[in-house]
Amino acid sequence: MLLNRCWTHRISVAPIGIRVRCYSSKNHGITLDQPIQSYISRSSDPYINLSIEHYLLQKSHPESSILFLYVNRPSVIIGRNQNPWMEVNLGLLNAASTPANSPSRIENEPPGLGDVDLVRRRSGGGTVFHDGGNSLDWTYLQTPQFTFSDLPLRPEQKEGEIDYSDAKFRLDVRYGAVTGCQLKTKGATTQQSERLAQILEKQHLHEIKDWEAVFKEAGSETKEAIDMAKWVQSMLSIPLQSS
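Heads up: the sequence shown begins at 1 in UniProt numbering, then just goes up one per residue.
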């Protein structure tokens, strides 16, 4: 197993070590079943850090929330389904790894930047450049509890069920604080959507315990709006730790 049970732990191989902190008592052994976990990598190897990221996503409890912090050495990171010949200037990447005094360098090439890794991450996302001058790279992991193809919409509507095909809820968040939102459901008015935005503005997601109460405070009390609130609650609520 990659992560040993302990309160604060560094993997025995120094270059690969990561520190682990979990929000629980020191007497409670750390496992990947913890609802909230945070990890700090002491390695700058992009292959190791992205492998740890993938391991945490695959092996952690489905309802856990994980924060993983790391800094990579110079590297170009491409998404799982991206084409490197379309996304990356491979000639420039090769030149960056070629010393300035090397006889193999071509005239007018940019100066060598040292070795630059080209790494494919196993998740999606666009192409990015990592190095020690970037801000700390971080990954927030939470195993998906739904697919965009079937929630909150159902592929087959049964007789008597509400049609949610026009229901929309947009939530804008920056640094954990809500900066805006928009609600569109059957019977919801523009004023209710604006009122909801006013209530949520500058609140932090982890401080919102009851989304249904928030929707009702904004005047959104239709069946569609309450169902939407319950769905948001199931997606964004943080599991409570057992005492």
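Glycine is no exception: its CB is placed at the ideal position from the N, C-alpha and C atoms.
When secondary structure is reduced to three states using DSSP, A96 falls in the helix class. E201 counts as exposed, since fewer than 16 other beta carbons sit within 10 angstroms of its beta carbon.
As DSSP reads the structure, Q182 sits in a beta bridge with R170. Looking from the CA of S44, the closest CA among D131, W231, Q198 belongs to D131. Taking 8 Å as the upper bound for CB-CB distance, S123 and R73 are not in contact here, some 20 Å apart. Ranked by Cα distance from R195, the first of E212, G219, D227, R174 is G219.
Its chain contains E224 as the residues whose beta carbon lies nearer than 6 Å to that of K186, once the 5 sequence neighbours on both sides are disregarded; these appear in chain order.
For V116, the secondary structure class from DSSP, reduced to helix, strand or coil, is coil.
In this structure, A167 places its C-beta atom within 8 Å of the C-beta atom of M228. Annotation: T127 to R121 spans about 10 Å, alpha carbon to alpha carbon. Following the DSSP letters along the chain, one finds V232 inside the alpha helix (DSSP H) bounded by residues 223-236. When DSSP states are grouped into helix, strand and coil, I77 belongs to the strand group.
Straight through space, the alpha carbons of V214 and V116 are spaced by roughly 49 Å. Beta-bridge pairing by DSSP links A177 to R174, H204. A Cβ-Cβ distance of about 17 Å is found for the pair A197 and G176, leaving them out of contact under the 8 Å criterion. When C-alpha distances from I77 are compared across L205, K216, G125, the shortest belongs to G125.
Under DSSP, H130 shares a beta bridge with S75. In the structure shown, A213 falls within a helical segment according to DSSP collapsed to helix, strand and coil. In this structure, L183 lies away from Q191, with their beta-carbon atoms at least 8 Å apart. E63 and E87 have their C-alpha atoms some 34 Å from each other. In this structure, N49 sits near S41, with a CB-CB distance shorter than 8 Å. Note on geometry: alpha-carbon atoms of P46 and S65 lie some 22 Å from one another.
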